[in-house]
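To start, the structure under review is shown below, and the notes come after it.
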Amino acid sequence: MERKTVYLNRFGRRLGTREEGARVREILWQVLESLSPGEKLVVNLGGLEVLSGSFADEALAKVVEQLKNGELPDRYLLVKAEEEELLEDLSERLARRGLALFALLKDGWRILGRLPAYLEETLQWIVQHEETTSPELAQALSISVKNASTRLAELQKLRLIELVRESRPVGGIQYRARAVISSKGKD
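Position 111 of the sequence shown, counted from 1, bears residue number 107 in my numbering, the numbering being contiguous throughout.
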């Protein structure tokens, strides 16, 4: 999966206002629009001293919400941070909106925002195994194939996994779920 990176410190070391966030949101959206389907945008928070909740909500949470609502299909957004402290306000703002986002950290990854336990379990399994189908996931987690399919659809809507259409060996089609990040937290 190809990627582009935007470094937020180019807008300043202390990002605090909604107005600043709105300007950055427009730039992030333009970069997302320039991506081909299947590509991802990594927003790097390195070098920042402050990332306020107002800025995070305006610049990042609103973009995640637009993606969840179906805009720009098959494009993905991640954040990368050296300091987890910078992620607290962003995570809280995402949770308020019922959203989730991958954060890439020095020692792996975590989910920001809100993700129900059953989806977190599913996502962790997919990241660990890199890809799966509904029948494979159902067997691994001891759930029904329908339940597995529903979980995959929910994770795809949140843009935490990619669903790729493929032919089934016995005829018909199926979707293969692929992790947007590697198990080591690399993008």
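Don't be surprised by glycine CBs; every beta carbon is placed ideally from N, CA and C.
Cβ pair residue i, residue j closer than 8 Å
i, j, result
"L119", "G109", "no"
"E15", "F7", "no"
"L154", "K76", "no"
"L90", "V60", "yes"
"R10", "V39", "no"
"G12", "S48", "yes"
"V141", "A149", "no"
CB-CB length for residue i against residue j, believed under 8 Å
i, j, result
"L115", "R147", "6 Å"
"R174", "E127", "5 Å"
"L82", "L41", "5 Å"
"A57", "L95", "6 Å"
"V176", "K36", "6 Å"
"E185", "D70", "With the chain covering -3 to 183 only, the question about residue 185 has no answer from this structure."
Candidates the options: closest to residue i by CA position
i, options, result
"S87", "E78, D53 and P33", "D53"
"L68", "A77, G167 and W25", "W25"
"G43", "S50, G12, E61 and E79", "E79"
"E117", "G104, L101 and A136", "A136"
"L4", "A55, E35, K36 and L28", "A55"
"A99", "Q170, I169, Q62 and L156", "L156"
"E178", "W121, A144 and V2", "The residue you asked about is not Glu; residue 178 is Ser in the sequence shown. Out of W121, A144 and V2, W121 has the C-alpha closest to the C-alpha of S178."
"I169", "S130, L151, A144 and V27", "S130"
"V160", "R19, K0, G34 and V27", "G34"
"Q62", "K0, T1, H125 and R21", "R21"
"V192", "F51, L74 and S50", "Since the first residue of the chain shown is -3 and the last is 183, residue 192 is not available in this structure."
"Q152", "G66, V166, I23 and E(-2)", "G66"
Min CB distance residue i to chain D below 8 Å
i, result
"N40", "The structure shown has no chain D; it contains just one protein chain."
Exercise. Which whole runs of the alpha helix (DSSP H) in the stretch 63 to 144 are 4 residues long or more, in chain order?
Worked result: Listed in chain order, the alpha helix (DSSP H) elements of length 4 or more contained wholly in the stretch 63 to 144 are 84 to 92, 113 to 125 and 130 to 137.
For this session: Let me know the beta strand (DSSP E) ranges lying completely inside the stretch 17 to 47, each 3 residues or longer, listed in chain order.
Result: If we require 3 residues or more, the beta strand (DSSP E) runs fully inside the stretch 17 to 47 come out as 36 to 40.
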